[in-house]
Amino acid sequence: MPSSTVIPELVYEDVGEAVGWLCDKFGLQVRWQAGDHRAQLWLNGGTVVVTAPRASNALLGPQSLLVRIPDARAHYLRARERGAKILEEPRDFPYGERQYAAEDLGGHRWGFSQSIADVAPEDWGGSSGPALHAPRESADAHLSLMLIVPDADAAITWYRTALGATELWNLGGVAGLQVQRAPFFLHEVNPQNPAENSPRVVGATSVRVELFVDNPEELIQRALVAGATLGSPIQDHHHFRGAVHRQGGFLDPYGHHWSVGDKSPLQART
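In my numbering, the protein residues as written are 771 to 1040.
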């Protein structure tokens, strides 16, 4: 699978003709092609699937979406429990993907796919295209923070109230949030993994969350109103050749220490 997270699927009566037209007119390249009914094309890091119409109700219109997820079965169970209309039950495909499909309230088809094996197109009856082996720029490395909490849903509610966090996704027990475009994970305590617990339960922590925003005073005050405990008050910190940034902190209800400032000392200096 490509690195894209959300992949559009376009329906054409003649896939071969569509592939030729898109490659010729728009400069797309073939990653792989399965006979005359399906192909995956690539352009500047973006991916699109070209597919023939299906007789079943699994593809209702001229376009749909394919979304890459880490756990297709867990995602399927959550969608089903919350009343989503399931078009296709989860199943494993010979090209190394576990997939299911659902319909949204507007009638759009959403396919969800988990990579379970790295299989060459030739091994499942397809053929490789030049874009599949084309050199690509390496992605930037990312260091992500995961906070362990006793109740993920309650923690999501608190971080929304206290920090204005927005929910990126939620798999039930594990969620992705962001505060002013700074992403982080929440993970509910797993009784089968006693090595991980919230600092409040353990009674200590060796990690401090460093968050940098335009107005640290406002964010800290918002957290205090929501029930956080004040840590270090806002004060000036001197670093590098006379540079100064303001920073203070608080303790959240789960025992995580947050330090909030206006400028990160790790950012490139000019």
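Heads up, the beta-carbon is just placed ideally off N, CA and C, and yes, glycines get one too.
Whether residue i touches residue j by CB criterion (7 Å)
| i | j | result |
| --- | --- | --- |
| Leu917 | His1026 | yes |
| Ser898 | Pro891 | yes |
| Pro986 | Gly1031 | yes |
| Ala924 | Ala945 | no |
| Leu836 | Ile886 | no |
| Gly1001 | Leu981 | no |
| Pro920 | Val959 | yes |
| Trp894 | Pro864 | yes |
| Glu858 | Ala871 | yes |
Backbone CA spacing between residue i and residue j [nearest angstrom]
| i | j | result |
| --- | --- | --- |
| Arg992 | Ala932 | 6 Å |
| Val785 | Leu798 | 14 Å |
| Tyr1024 | Glu779 | 43 Å |
| Glu867 | Gly973 | 42 Å |
| Asn963 | Val789 | 49 Å |
| Arg843 | Thr927 | 25 Å |
| Thr821 | Arg930 | 40 Å |
| Ala998 | Asp862 | 46 Å |
| Ala828 | Val889 | For Ala828, the predicted structure reports a pLDDT of 48, less than 50, and the residue's modelled location is therefore unreliable. A value from the coordinates is still provided. Taking the straight line joining both Cα atoms gives about 24 Å. |
| Ile990 | Glu937 | 20 Å |
Exposure label - residue i; buried when at least 16 CB within 10 Å
| i | result |
| --- | --- |
| Arg951 | exposed |
| Asp806 | exposed |
| Ser1034 | exposed |
| Pro840 | exposed |
| Ser968 | buried |
| His845 | buried |
| Leu792 | buried |
| Ala935 | buried |
| Trp939 | exposed |
| Trp812 | buried |
| Arg801 | buried |
| Val971 | exposed |
Delimiting residues of the beta strand (DSSP E) encompassing residue i
| i | result |
| --- | --- |
| Val818 | Gly816 to Thr821 |
| Val776 | Val776 to Val781 |
Terminal residues of the alpha helix (DSSP H) in which residue i lies
| i | result |
| --- | --- |
| Arg843 | Ala842 to Glu851 |
| Gln991 | Pro986 to Val995 |
| Arg970 | Pro969 to Val972 |
| Gly931 | Note that residue 931 is Thr in the sequence shown, not Gly. Start and end: Ala922 to Leu933. |
Residue-chain proximity (residue i, chain B), Cβ-Cβ < 7 Å
| i | result |
| --- | --- |
| Thr931 | In summary, chain B is missing from the structure at hand, where a single protein chain is found. |
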